[in-house]
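Novice:
Residue numbers (the UniProt record's numbering): 1 to 1055.
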């Protein structure tokens, strides 16, 4: 098969490139998007068109011929290199064999591992090998490797196997070092050809996240995991020391897995190998099929013989729904075969659901999946026995298969797992893993393969407790993979001063408690990013964990023991997450299922990581309060918080009740990250309103200042820290805005801050310091009051965004430069780019309204004329007649900014008046609405077209849309801007006007910072459009042509 792939894959890649770069297809998709029938397409069809256009651009369709040829050569070479990488890993894994004849060398290995080692030896020519007497062969295949790492008492053997494992494919003819460097080099070249800065940006172009958002998430999780991982290692050292281990004080990589397993056994009395008899593969699959029947109303039945298989171990199944008719099929290849397939587990499609590709074009072609695992195969009469982690893996992969098989999308390109953003594709798989801890599910599959005895209750409880064992260490491991992936694809410069191994070591300094070995070459076997689909995408596992944990929490909310509620929630999950596939934006699909946007709180709760933090309780709870929980006491409990200064986290009693020895309370609060003690700035992780440190004198009594709010920090010390920051680290009042912008939180401890300033000043002997403290309190109060005014104005604007012009008319004096600086600070507090953009857009609209107001007031004559027109409108016999006059003025181009100002002002005054009759308010509103509608109707078509063009973030798509706008066509006032046609000269004129206007106002006092909020990006795009039109469409102007343009500019300015 390898030879066939080697021979035919270049032709396949060439075909894929030709298909992806097909101009007729590309233009056809664009024509669909620009056609009048666009609005009549389904969401799935629109997604197909939009994604096809984007994929075509990313596939090089818009490149010039020479660059496209270079792009194609790169793509062919990358395919070869990825295949070479994968083959090297597989060959290096197969190459290592260690034959052991002395059973003492493998002391500690369980019977199943000995059986596998003997079976491997037998397949290699040692026909008489047995589990009891050997010989035994150890390989680097996952089951063999992990057995040694977890159970072999022979430390030298563990070291030998570990060193061989982390240096796979890193030497000789199988060395992947140069393969990796060439892959990274070509990926960067490919990104540059497409107009991106790095390959990570190319990868993220089709994902939910951006590079910065992914990095931000990884860093937050790393910060939250680090101390827990350090404590994990200390726990291992202490435990190994208690067991008399000579290596206790110098535990290293080949020790941690072994001693972790011993600690797990000691702490939870769980031996993974002893659990194997309870998890036979046939029983696990039977329980899994029962679970999906309950959740999703489907039946899974064997269909062996219906379809050909590639190995006698492979099974074939069909799935039926309530109609008893097949709706999908899947293959299951369960067992490890090192010589034939790679390690790990995966699911993929055989064929997707499709109506177009069905035999009769009217019925639906049913989807078929294949699911591949590497379980330990049956030995003799003993079935394949699984560790609990392997059970989770089967549930994980079946989650992927369910999304493929239960789709209801008839459009094959977005059916099942197709068309789903890569960082959302793990949602169903990780969701299914949660059911392994569901009592009824686990007890249903955990039956001893010989006796039929169920898993003892105490073991189940210990499995639950062990779920978060070494959570910090396991989290850091995944974060290391994700971080090095992004570093290599966003910052690494091939051929530069830093090697790929330098990058790995640099990342490891922040993500590995034990530094990697000098010869560690884990990158050489990191198939996910060099031979799989996770290049600049490994972060998506963590991204999807947030989605999956929140999805499972919907079942928790419904009640896991309420079968009816679980079935109802399961049906909703099937009809949204599983059924809609890639036919809708994943966030929209999630909201349809959950009723809101995803929250990270369930993930933080599930993984137990918060419980690893070293917390200090903010307020001690008396035993009487613990025993008697009234509703008032519960309300007070939910407001209590703990601070952990070392890990920069705030946890409330409501989010982590076990820390407070209280019953579970409603999750009304959320976790904060507090950059403390460096700076006391709070960054929100979620959108709901929350309670922070309710630690005021009124709530905590006279001793409030002495309550410990963080380890070693009382309120007094905390206030002293803030005083020190404001006096020394950030002495400029303008810098304090970054702290005081969190109004709700600041209000809760401002009283303590001012009181502490006063008390320190009263007791200070140094006159200079006394004055500084007094001045500080005064200045902070001034900034505080100013921030309060800005916050109130911003709230009014946010509450009535459509009335900004009216608000400006009433409160022009409040729209100062300081207010726009305040908006800039508010913008920076948001983690979400969408939220930042929303603030930026709001600021730009405020700025536009202020500029219009100021320009209108320049001439008295203009105002007098506008007043006369306004009075004429008010003299109309009916509201319909008044609105007709406004429309008539608009058509005659007499609806100038002065008249608009007067109408806005009238509506603002009426709206805010407590005495004006509602009838009058209604009239003013109708006039205001008619004015806005008329303004929109008379906007030049070029302005509509420019707004459309500026929405394209991809330069190639914007250039293509520009070319379409200049193509011969009917010159009309189209409803859709993508059907507006104009001339290069006319569009160039309007771009020039907008750029000139921007430059004229750029240095205007008081609002220049507001312009910097988001206009430079617009201006940049306008400038690029202007240059493109000049270079590609306009001939060099003659003096006569320039005069015509100047005259047109004058007309446009007057308009």
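Just so you know, even glycine gets a beta-carbon here, dropped at the ideal spot from N, CA and C. All values reported here derive from a predicted model rather than from experimental measurement.
If you check the beta carbons only, do residue 193 and residue 67 fall under 8 angstroms apart?
Specialist: For the purposes of this step, residue 193 is identified with residue 193 of the chain shown, where counting begins at 1. For the purposes of this step, residue 67 is identified with residue 67 of the chain shown, where counting begins at 1. Yes, they are a contact pair.
Novice: Between residue 159 and the rest of its own chain, which residues show a CB-CB distance below 8 angstroms, the 5 nearest in sequence each way excluded?
Specialist: The count along the chain shown starts at 1 and reaches residue 159 at position 159. Cβ within range, chain order: 254.
Novice: Judging by CA-CA distance, which residue of 451, 203, 398 and 217 is the nearest neighbour of residue 421?
Specialist: Walking along the chain shown from the start, residue 421 turns up at place 421. Ranking 451, 203, 398 and 217 by Cα distance to residue 421 puts 203 first.
Novice: Out of 402, 441 and 414, which one is the CA nearest neighbour of residue 429?
Specialist: Position 429 of the chain shown, counted from the start, is the residue given in the question as residue 429. That would be 402, whose Cα lies nearest to the Cα of residue 429.
Novice: Might you give, ordered along the chain, the residues of its own chain that have their beta carbon closer than 7 angstroms to the beta carbon of residue 572, omitting 5 neighbours on each side?
Specialist: The residue labelled residue 572 in the question sits at position 572 within the chain shown. Cβ contact annotation for residue 572 (same chain, cutoff 7 angstroms, sequence separation greater than five): 593, in chain order.
Novice: Do you know how far the Cα of residue 736 is from the Cα of residue 764?
Specialist: The residue given as residue 764 occupies position 764 in the chain shown. The residue given as residue 736 occupies position 736 in the chain shown. About 24 angstroms.
Novice: Residues in its own chain within less than 6 angstroms of residue 144 by CB, not counting five upstream and five downstream?
Specialist: Here residue 144 is taken as the residue at index 144 of the chain shown, counted from 1. So the list reads 138, once near-sequence residues are dropped.
Novice: Taking residue 187 as the reference, give the member of 243, 392 and 529 with the closest Cα.
Specialist: If you number the chain shown from 1, residue 187 lands on position 187. The candidate whose alpha carbon is nearest that of residue 187 is 529.
Novice: Counting Cβ pairs closer than 8 angstroms, one from the stretch 387-403 and one from the stretch 338-356, do we hit at least three?
Specialist: yes
Novice: From what residue to what residue does the beta strand (DSSP E) around residue 438 run?
Specialist: Here residue 438 refers to the residue found at position 438 when the chain shown is read from its first residue. Where residue 438 is concerned, there is no enclosing beta strand (DSSP E), given that its DSSP letter is neither H nor E.
Novice: Are any of the Cβ atoms in chain B nearer than 8 angstroms to that of residue 568?
Specialist: Among the protein chains of the structure shown there is no chain B, as only one such chain exists.
Novice: Is the beta carbon of residue 269 closer than 8 angstroms to that of residue 462?
Specialist: For the purposes of this step, residue 462 is identified with residue 462 of the chain shown, where counting begins at 1. For the purposes of this step, residue 269 is identified with residue 269 of the chain shown, where counting begins at 1. A contact, by the Cβ cut-off of 8 angstroms.
Novice: Evaluate contact between the stretch 509-527 and the stretch 51-67, counting only Cβ atoms and requiring at least three cross-stretch pairs below 8 angstroms.
Specialist: no
Novice: Per the DSSP calculation, residue 1072 is bridged to which residue(s)?
Specialist: In the structure as shown, the chain begins at 1 and stops at 1055. Residue 1072 is therefore absent and cannot be evaluated.
Novice: With a 10 Å radius around its C-beta and 16 neighbouring C-beta atoms as the bar for buried, classify residue 1032 as buried or exposed.
Specialist: One-based indexing of the chain shown puts residue 1032 at position 1032. With fewer than 16 other Cβ atoms within 10 Å, it is exposed.
Novice: With a CB to CB cut of under 6 angstroms and the five nearest residues on each side skipped, what residues in its chain are close to residue 126?
Specialist: Here residue 126 refers to the residue found at position 126 of the chain shown. 135, listed in sequence order.
Novice: Where does residue 1013 land, buried or exposed, given buried means 16+ other C-beta within 10 angstroms?
Specialist: Indexing the chain shown from 1 puts residue 1013 at position 1013. With a pLDDT of 40 at residue 1013, under the threshold of 50, the modelled position of that residue is not reliable, and the figure given next carries that caveat. Classification of residue 1013: buried, given that the 10 Å Cβ count is 16 or more.
Novice: Mapping DSSP to helix, strand and coil, what is residue 493?
Specialist: Looking up residue 493 in the chain shown gives position 493. Coil, per DSSP.
Novice: Which residues in the same chain have their Cβ closer than 8 angstroms to the Cβ of residue 391, if we skip the five residues on either side of it in sequence?
Specialist: As a position in the chain shown, residue 391 is number 391, starting the count at 1. Hits under 8 angstroms: 279, 284, 436 and 445.
Novice: Any idea what DSSP makes of residue 375, helix, strand or coil?
Specialist: By 1-based counting over the chain shown, the position of residue 375 is 375. Strand, per DSSP.
Novice: State yes or no: is the C-beta of residue 372 within less than 8 angstroms of the C-beta of residue 341?
Specialist: As a position in the chain shown, residue 372 is number 372, starting the count at 1. As a position in the chain shown, residue 341 is number 341, starting the count at 1. Yes, the pair counts as a contact, with Cβ atoms nearer than the cut-off.
Novice: Within 10 angstroms of the Cβ of residue 328, are there 16 or more other Cβ atoms? Answer buried if so, exposed if not.
Specialist: Walking along the chain shown from the start, residue 328 turns up at place 328. That one is buried.
Novice: Which runs of the alpha helix (DSSP H) fall wholly inside the stretch 734-777 and span at least 4 residues, in chain order?
Specialist: 743-763
Novice: Taking only the alpha-carbon atoms, compute the straight-line gap between residue 233 and residue 957 and give it to the nearest angstrom.
Specialist: As a first step, residue 233 must be located in the chain shown, where it is residue number 233. As a first step, residue 957 must be located in the chain shown, where it is residue number 957. C-alpha separation (whole angstroms): 52 angstroms.
Novice: Quick one: complete beta strand (DSSP E) runs, 3+ long, within the stretch 120-179?
Specialist: 136-138
Novice: Taking the alpha helix (DSSP H) that residue 347 falls in, what are its first and last residues?
Specialist: Mapped onto the chain shown, residue 347 falls at position 347. Premise fails: residue 347 lies in the beta strand (DSSP E), 346-351, not in any alpha helix (DSSP H).
Novice: Just confirm the distance between the C-beta atoms of residue 554 and residue 569, as a whole number of angstroms; I'd bet it's less than 8 angstroms.
Specialist: For this step, residue 554 is matched to residue 554 along the chain shown. For this step, residue 569 is matched to residue 569 along the chain shown. With a Cβ gap of about 6 angstroms, residue 554 and residue 569 count as contacting.
Novice: Under 7 angstroms Cβ to Cβ from residue 63, same chain only, skipping five residues before and after it: list those, please.
Specialist: Here residue 63 refers to the residue found at position 63 when the chain shown is read from its first residue. Closer than 7 angstroms at the Cβ level, and outside the excluded window around residue 63, lie 71 and 193.
Novice: Pick out the complete beta strand (DSSP E) segments inside the stretch 258-319, 3 residues or longer, and give them in chain order.
Specialist: 299-302
Novice: Taking DSSP's pairing of strands, which residues face residue 329 in a bridge?
Specialist: The sequence position of residue 329 within the chain shown is 329, counting from 1. DSSP, once it has assigned bridges, lists 318 and 368 as partnering residue 329.
Novice: Going by other Cβ atoms of all chains shown within 10 Å of its Cβ, with 16 needed for buried, is residue 769 buried or exposed?
Specialist: Taking the first residue of the chain shown as position 1, residue 769 is located at position 769. Looking at its Cβ environment, which holds fewer than 16 other Cβ atoms inside 10 Å, residue 769 is exposed.
Novice: Going by CA-CA distance only, name the one from 732, 9, 478 and 778 that's closest to residue 754.
Specialist: One-based indexing of the chain shown puts residue 754 at position 754. Cα-wise, what sits closest to residue 754 is 778.
Novice: Do three or more CB pairs link the stretch 578-590 to the stretch 400-416 at distances below 8 angstroms?
Specialist: yes
Novice: Among residues of its own chain, excluding the 5 on either side of residue 891, which ones have a beta-carbon nearer than 6 angstroms to its beta-carbon?
Specialist: Walking along the chain shown from the start, residue 891 turns up at place 891. Closer than 6 angstroms at Cβ, skipping near neighbours: no residue.
Novice: By alpha-carbon positions, which one of 325, 281, 309 and 794 ends up nearest to residue 297?
Specialist: Numbered from its first residue, the chain shown carries residue 297 at position 297. 325 is the residue among 325, 281, 309 and 794 whose C-alpha sits nearest the C-alpha of residue 297.
Novice: Who are the near neighbours of residue 367 in its chain, counting only those whose CB is closer than 6 angstroms to its CB and skipping five residues on each side?
Specialist: Here residue 367 refers to the residue found at position 367 when the chain shown is read from its first residue. If we look at residue 367 and ignore the five residues flanking it on each side, its Cβ neighbours are 328, 352, 353, 404, 405 and 416.
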